[in-house]
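Take the sequence shown: its position 196, counted from the start at 1, is 200 in the working numbering, and no numbers get skipped.
What follows is a single structure, written as structure tokens, with notes after it.
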Amino acid sequence: MGRPSIFSSQYEKQLKRKKRIKRATIFLAVCIAIVVIIRVYLGINFKGANFKEMAAKFQTSTTKKDTNTSKSHDVVIKSKTKTDTKKSVDKTANIQLTNDKQVIVTYGDNKKIKSVNLNGLDGEYNISPSAQSVIIYQKAGQNIFYIDSNGTASDITYKTYSSTSGMVFSKDDVLKNNPNYVWCASPKFIDDNTIVYISQVPWFDNRPDKYIWRINLTDKSYGNTNLHGNDVKINDVSADKGIQIVTDGNTQYMKADGTVSN
Numbered sequence: 005m006g007r008p009s010i011f012s013s014q015y016e017k018q019l020k021r022k023k024r025i026k027r028a029t030i031f032l033a034v035c036i037a038i039v040v041i042i043r044v045y046l047g048i049n050f051k052g053a054n055f056k057e058m059a060a061k062f063q064t065s066t067t068k069k070d071t072n073t074s075k076s077h078d079v080v081i082k083s084k085t086k087t088d089t090k091k092s093v094d095k096t097a098n099i100q101l102t103n104d105k106q107v108i109v110t111y112g113d114n115k116k117i118k119s120v121n122l123n124g125l126d127g128e129y130n131i132s133p134s135a136q137s138v139i140i141y142q143k144a145g146q147n148i149f150y151i152d153s154n155g156t157a158s159d160i161t162y163k164t165y166s167s168t169s170g171m172v173f174s175k176d177d178v179l180k181n182n183p184n185y186v187w188c189a190s191p192k193f194i195d196d197n198t199i200v201y202i203s204q205v206p207w208f209d210n211r212p213d214k215y216i217w218r219i220n221l222t223d224k225s226y227g228n229t230n231l232h233g234n235d236v237k238i239n240d241v242s243a244d245k246g247i248q249i250v251t252d253g254n255t256q257y258m259k260a261d262g263t264v265s266n
């Protein structure tokens, strides 16, 4: 259609008609563009389908995406909560050693002993290699207490010594007569079932010799290893060699069965 002449009597009508056609053309182009975009986005064959059906499918697709996003978010939250619940919490137990002496043991996962608060007791402690038990050494009275993973305490001190001649020596009597005598000192684990400590037994005279004694917790037996010297120290455990023992400057290693190596 040509441009209407401003001098034509139909000029106004022709101008309005041209505007309507232009608007209709633009509207049709927009609709076609929308249809093409939706078709590309959803991959839907629109042949024979009306606009309402297409709109419904578009809404359904959008709803599914939102639902999936929500589910994914829920999984993240649940996973985080599960991780938080696995966080370990240490527990402490007050354990009575004697009528007037109590220590505080801290347990971690699987009842493993982490530390001991001696709670004013003059002594020291040593935790077993598996951390399932601990020994407490009380300097006053020279006593050794054993505590297991359940918090049960028992006195495992070697109380009396019988000599080959048949004489019996009581720890309490010996210390009463000689407070400086070393009946037992510095107990440490070699493994979970074996403990070694320093003692002047079997001699009760003035000689300075000290010996390494061994406790077998399995059968509750005590034995002198005959490893001795004037100056004796028990150090840390080596997984391969055993526990390090230094006698008068000579370093040796003892295993749980009592064998000694350099």
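Glycine is no exception: its CB is placed at the ideal position from the N, C-alpha and C atoms.
The model shown is predicted, which means the values in this text are computed figures rather than measured ones.
Give the secondary structure of residue i by DSSP, where H, G and I count as helix, E and B as strand, and everything else as coil.
i: Asn130; result: strand
i: Lys259; result: coil
i: Val34; result: helix
i: Lys118; result: strand
i: Tyr141; result: strand
i: Ala135; result: coil
i: Asn181; result: helix
i: Lys91; result: coil
i: Val39; result: helix
i: Thr110; result: strand
i: Ile151; result: strand
i: Asp176; result: helix
i: Ile99; result: strand
For residue i, collect the residues of the same chain with a Cβ closer than 7 Å to its Cβ; drop the 5 residues on either side in sequence, then sort them by chain order.
i: Arg171; result: Arg is not the amino acid found at residue 171; the sequence shown has Met there. Answer for Met171: no residue qualifies.
i: Asn121; result: Val107 and Ile108
Straight-line CA distance for residue i to residue j?
i: Ile160; j: Lys91; result: 36 Å
i: Tyr150; j: Asp94; result: 21 Å
i: Asp176; j: Tyr141; result: 16 Å
i: Glu128; j: Lys192; result: 10 Å
i: Val186; j: Thr110; result: 30 Å
i: Asn210; j: Asn182; result: 10 Å
i: Asp195; j: Asp252; result: 25 Å
i: Asn266; j: Gln256; result: 5 Å
i: Ala135; j: Lys116; result: 5 Å
i: Phe62; j: Lys20; result: Low confidence applies to Phe62: its pLDDT is 46, below 50, so where it sits in the model is not reliable, and the reading given next is rough at best. Each residue's Cα considered, the two are about 37 Å apart.
i: Asn130; j: Thr168; result: 32 Å
i: Ser137; j: Phe173; result: 30 Å
i: Gly233; j: Trp217; result: 13 Å
i: Ile36; j: Arg24; result: 18 Å
Going by the CB atoms, is the gap between residue j and residue i shorter than 7 Å?
i: Asp126; j: Ala144; result: yes
i: Leu221; j: Asn197; result: yes
i: Val250; j: Lys237; result: yes
i: Tyr226; j: Tyr162; result: yes
i: Cys188; j: Ser166; result: no
i: Gln248; j: Asn239; result: yes
i: Lys118; j: Gly124; result: no
Excluding five sequence neighbours on each side, which residues of the same chain lie with their C-beta closer than 8 Å to the C-beta of residue i?
i: Gln100; result: Gln106 and Ala157
Excluding the 5 residues flanking residue i on each side, which residues of the same chain have their C-beta closer than 6 Å to its C-beta?
i: Thr85; result: Confidence is the limiting factor: at Thr85 the pLDDT is only 49, short of 50, which leaves the residue's position unreliable, though a coordinate-based value still follows. Same-chain partners within the cutoff: there are none.
Quiz item: Along the chain, which unbroken stretches of the beta strand (DSSP E) at least 3 residues long are found entirely within the stretch 193–254?
Solution: Runs of the beta strand (DSSP E) lying entirely within the stretch 193–254, each at least 3 residues long, are 198–203, 214–220, 225–233, 236–242 and 246–251 in chain order.
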